[in-house]
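S.K.: To get the working numbering, take the position in the sequence shown, counting from 1, and add 58.
After the structure tokens below, expect a handful of questions from me.
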Amino acid sequence: MYRKIMVPAIALGMALAGFLVLDVWSRIGDLARAGHDAEAWAYFQLEGDYLRLDRAIDQTREVGPPALDDLRKQFDIFYSRASLIEEMEGLGATDPGGARLRSGLDDEVALFRGSDEALLAGLDDLQTRLTTLGGLPGDIARDAISASADTAEEERQRLITMLELLVLVVLSVTLALARSIARLHRQARTVERTTQAAETIRRGLETTLRGSLDAVLVIDDQGDIREYSGSAEAIFGFTRDEVIGESFLETLLPADRRGEQEKALQRFRETGETTFAETGRHEFTMLDRSGRTFPGEVSISISRSEERTIFVAYIRDITEKKEREAELVEAHEAALEAYREKSRFFAMVSHEMRTPLNGVLSALQLLGDTPLDREQRRYLDAATSSGDILLEHIDNVLAIEKIETGASGRNLVPCDLSALTSDLIDMMEPLAHTNDVRLHFDRSGLGNRPVLSHPRAIQQILVNLISNAIKFSPGGDVTLKVGPVRNSGTADRIEFRVTDNGKGIEAEQISRVFEDFVSLDNRYERRTGGTGLGLGIVRRLVESLGGEIRCTSELGEGSAFWFDIPAVYAEAAAVLPVPSDGQSFGGAGPFRLLVVDDNEINRDLLSAMLGRLGHSAELASGGQEAIAISSRHRFDAILMDISMPGTSGVQATRAIRAGDGPNRGATIIAFTAHALPHERNEFTAAGMNGILRKPVKMSELRQVLDGIDGAPPEDSAPALPSGSAASAEFIDSAQISQLLDVLGRDRLTERIATLIDKMNDELPSLTDARTRDDIQTRSHAIAGMCGMFGARRMHAVLQEIETACKTGQTEAAMTLVQDIPIIWERTQFAWRQRILQ
């Protein structure tokens, strides 16, 4: 702002000073030319010329003709002077007396041009006439001198004024220049200090960068390296001089990774949009001088200026971190294997003990039917009671093994929780009465709507919790409260809460009550003896139901145990009881079906499920093969995958409908992981009769097959509610139970292991994908596989990714893709917990 004002002001002042100098110089020059003195001299000479003419007349009168020449000469001089005065008056003189004088002299010219005799005769009259003009020359001279003096004074005053103004302007400009010089001096000092500070900061930054464990690189928008820290030299092996000005992509990235990054950089130059910068940390494969590739953790920031844009990359070699993670995974797997071995050992020992113990108890029962005296009866009762306690401990160990190996065989069935809990309270009344405990039941808000769950597991959990509460609250109150969870989000859940007013639990011990083989002093397990497995079994059962058990307690006030489980109501998705081997789910058939899917795992699993339902299936790996097979063999129905390479399911359906083969009018069911409304319309327009949504459950498959003879269902299973993918369970326990029933534990374990290998190969392509079409294609390809094997959250998130791509929300899809690796790790862990152990 200062510069914008002062620079024009100084320039204007200097221009004004220059103008004033030129004007003053001009006026001084005018004064130097003495024009005013010449005029004054002319006026003074006029009066003298008049007097000389008058004397010449007197002399001519005295001398006579000899003096006429001098008279004429004096008249000519006076006449010329009068003419000059007249001209001066015409050029600006203030008094017009010269014109009158000239006019009077003009009247005498004829006399002086005439004869000598006439001039001599007219001298008297001439002198008389000149006498009348005698005062005029003096007046003209005096007036002219006065006017000239006034003019000179005015000129001097103007010159003085101009000089004063010039001095003022010069002084102002000088002051402005002095101020500007002072300001420039201050700015120079500021710049010097700033430069010194910047240099200090630069040196400090260089020292920091040299000491940083991370490599720091500055890269321009052309991909060239502009700065390279000392840590980078240690990590990559290149010196600073070797890489400055070189391409980051060509120098520090493997050849197979350069193309993708070059495209991303080109897209940034064209649109300003960035894929990796300012998006947190990413893992890249890096290349060092020796040609070794290593995993690197990279964080990139952008610095924008008017001149250019640069990227600042922080790169860390995480080779050791990856090795430690691999070691931890290996150690974890080893620990799990040791734990499984321990569990199998306990189960084997418990099973081997259970058989002879049953024999002992049976013998004791038989002995009780024989005549015994009182002492013998007392010994028998003690032996029987001890045998029952031992049998309970053995059963607990076996229960844990069954839960952890997934061999419990529980399936979702409709159950009336209101009736189940009410019957349970009635069953626990005798135990409560024995301990003088008042048992209360609160089921407000529960209703009578059937819920799909595991009633036997719920009963076993509540019996354990209520019996513990009764035993440790003698003379007190125990309450069971069942009802829907408030503020639980979009998914419905039901909470079970058991409270008592007994002795309570110490705060530091609460976190241990659900551990195995833990008996705390003055705790539930300790009071009744036992192995400390009761609440451990409860914890496992609750987790198998998709819930989590919690506990709060205060010494002397009592305790509260509660858990909540998902509430899937029977009206929304009824689940049939799992049949025994050889029993068919389908009410019609058996059918001959064609299964079309490009994924071998999906084809194999669906074929096994159809076989379990009593139907036969022929398999096709793609749309073109399906067209060929359907042209030769007739099928009762065709299960057609949608997204397949080459010929899609929609194209294959149109070809089958348009042909004259035996399946032109057959029922064709779309078999897909996800479908938007406009896509379902496209399926119908192509000639499909319904949709079977991946993941497929036995009950849904049965419903579709039942609909072959009647009207086929429009959609076999609703998608998760919007926004529920992030909160979905990692695995679908009900579906896993069905797969265990269909395939058996060994076959299912083998297929999940195959799926894990395939997914580990496919996931990098998804996480590295950067275009919307690529993300959509890859997410669709693996969503079906995950859904078929109960990977509930993986399937839901992949569906959301596919939907985001289809609706043009690329950024949202890429954000969801970033969550896939951790969800996949958690899903594998959940599988191991549920099946692979």
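No residue lacks a Cβ here, since even glycine has one placed at the ideal position from N, Cα and C.
(1) I'd like to confirm the pairing. Which residues does DSSP put opposite S674 in its beta bridges?
(2) So V708 and E740 are supposed to be a Cβ contact under 8 Å. How far apart are they, rounded?
(3) Quick one: what does DSSP say A827 is sitting in, helix, strand or coil?
(4) Of the residues M843, A179, L70, which one's Cα is nearest the Cα of E120?
(5) P879 lies in the alpha helix (DSSP H); which residues open and close that run?
(6) Straight-line CA distance for L497 to E860?
(7) Taking only the alpha-carbon atoms, compute the straight-line gap between G644 and V800 and give it to the nearest angstrom.
(8) Have a look at A743 and D699 and give me their C-alpha separation to the nearest angstrom.
(9) Just to confirm, are I198 and I143 a CB contact at a threshold of 8 Å?
(10) What are the boundary residues of the beta strand (DSSP E) that P542 is part of?
(11) Please list, in chain order, all residues of the same chain as Y286 whose beta carbon is under 7 Å from its beta carbon, the five residues on each side excluded.
(12) Please state whether the Cβ-Cβ distance between A695 and L663 is less than 8 Å.
(13) How would you write the range of the alpha helix (DSSP H) that R760 sits in, first residue to last?
(14) On the three-state DSSP scale, how would you describe G748?
(15) Three-state secondary structure (DSSP) at S782?
(16) State the Cα-Cα distance for the pair E615 and D535, rounded to the nearest angstrom.
(17) Do T711 and M746 have their CB atoms nearer than 8 Å?
(18) Could you name the residues of the same chain whose beta carbon sits closer than 6 Å to that of I358, not counting the 5 residues immediately before and after it, in chain order?
(19) Could you check whether G704 and G680 sit closer than 8 Å to each other, using their CB atoms as the reference points?
(20) Evaluate V556 with the Cβ neighbour count: other Cβ atoms within 10 Å of its Cβ, from every protein chain shown; 16 or more gives buried, anything less gives exposed.
(21) Closer than 7 Å by C-beta to N493: which residues in its own chain qualify, once you throw out the five before and the five after it? Chain order, please.
(22) In the structure shown, what three-state DSSP assignment does H691 receive?
(23) So is T253 in contact with chain D if we call contact Cβ pairs under 8 Å?
(24) Around the Cβ of P624, are there at least 16 other Cβ atoms within 10 angstroms (buried) or fewer (exposed)?
(25) Would DSSP call A728 helix, strand or coil?
(26) Note down, in chain order, each residue of its chain lying with its Cβ closer than 7 Å to the Cβ of N721, except the 5 sequence neighbours on either side.
(27) With a Cβ-Cβ cutoff of 8 Å, do R277 and F306 count as a contact?
(28) I'd like to confirm the pairing. Which residues does DSSP put opposite D346 in its beta bridges?
(29) Residues bridged to W620 by DSSP?
(30) Alpha carbon to alpha carbon, how far is R171 from L129?
(31) May I have the straight-line CA-CA distance separating D127 from D134, to the nearest angstrom?
(32) Under 6 Å Cβ to Cβ from H340, same chain only, skipping five residues before and after it: list those, please.
(33) Evaluate D558 with the Cβ neighbour count: other Cβ atoms within 10 Å of its Cβ, from every protein chain shown; 16 or more gives buried, anything less gives exposed.
(34) Is the separation between the beta-carbon of W889 and that of I840 shorter than 8 Å?
(35) One question on the structure: do F326 and D279 come within less than 8 Å of each other, judged by their Cβ atoms?
(36) Apart from the five residues on each side of it in sequence, which residues of its chain come closer than 6 Å, Cβ to Cβ, to F619?
M.R.: The answer reads as follows:
(1) S674 pairs with R650.
(2) Right, the Cβ-Cβ distance comes to about 6 Å (below 8 Å), so this counts as a contact.
(3) Correct three-state label for A827: coil.
(4) Measuring C-alpha to C-alpha distances from E120 to each of M843, A179, L70 identifies A179 as the nearest.
(5) Following the DSSP letters along the chain, one finds P879 inside the alpha helix (DSSP H) bounded by residues 868-889.
(6) For L497 and E860, the gap between their C-alpha atoms comes out near 52 Å.
(7) For G644, the predicted structure reports a pLDDT of 38, less than 50, and the residue's modelled location is therefore unreliable. A value from the coordinates is still provided. Going by C-alpha positions, G644 is about 14 Å away from V800.
(8) Going by the C-alpha atoms only, they are around 16 Å apart.
(9) In contact: I198 and I143 (Cβ atoms closer than 8 Å).
(10) First-last of the beta strand (DSSP E) with P542: 535-542.
(11) Exclusion of the five residues before and after Y286 leaves L275, R298, V301, I302 as the residues of its chain whose Cβ lies within less than 7 Å of its Cβ.
(12) Remark: C-beta atoms of A695 and L663 do not approach each other more closely than 8 Å.
(13) Counting along the chain, the alpha helix (DSSP H) containing R760 begins and ends at 756-764.
(14) It is a strand residue.
(15) Reliability of the predicted coordinates at S782 is poor, the pLDDT of 45 falling under 50, and the value obtained from them is presented with this limitation in mind. S782: coil per DSSP, three-state reduction.
(16) Approximately 11 Å between the Cα atoms of the pair.
(17) For T711 and M746, yes; Cβs fall inside 8 Å.
(18) Once the five neighbours on either side are set aside, the close Cβ partners of I358 are F334, A335, F369, A371.
(19) Their beta carbons are under 8 Å apart, which means G680 touches G704 by this criterion.
(20) V556 is buried by the Cβ-count criterion.
(21) So the qualifying residues of the chain are I528, K529, P532.
(22) In the structure shown, H691 sits in coil (DSSP, three-state: anything other than H, G, I, E or B).
(23) The question asks about chain D, but that chain is absent: this structure has only one protein chain.
(24) The Cβ neighbour count for P624, taken over all protein chains shown within 10 Å, is at least 16; the residue is labelled buried.
(25) Strand.
(26) If we look at N721 and ignore the five residues flanking it on each side, its Cβ neighbours are S688, R692, F693, I696, I714.
(27) Inspection of the sequence shows that residue 277 is occupied by Ile rather than by Arg. The criterion of a C-beta distance shorter than 8 Å is satisfied by I277 and F306.
(28) Note: D346 is not bridge-paired with any residue in the DSSP secondary-structure output.
(29) Answer is R555, R608, bridged to W620.
(30) Each residue's Cα considered, the two are about 12 Å apart.
(31) Between D127 and D134, the C-alpha separation is close to 11 Å.
(32) In the same chain as H340, and ignoring 5 residues on each side of it, the C-beta atoms closer than 6 Å to its own belong to F334, V356, in chain order.
(33) Around the beta carbon of D558, 16 or more other beta carbons lie within 10 angstroms, which makes this residue buried.
(34) No Cβ-Cβ contact shorter than 8 Å links W889 with I840.
(35) Contact: yes.
(36) In its chain, beyond the 5 residues on either side, L523, V556, C609 have a beta carbon closer than 6 Å to the beta carbon of F619.
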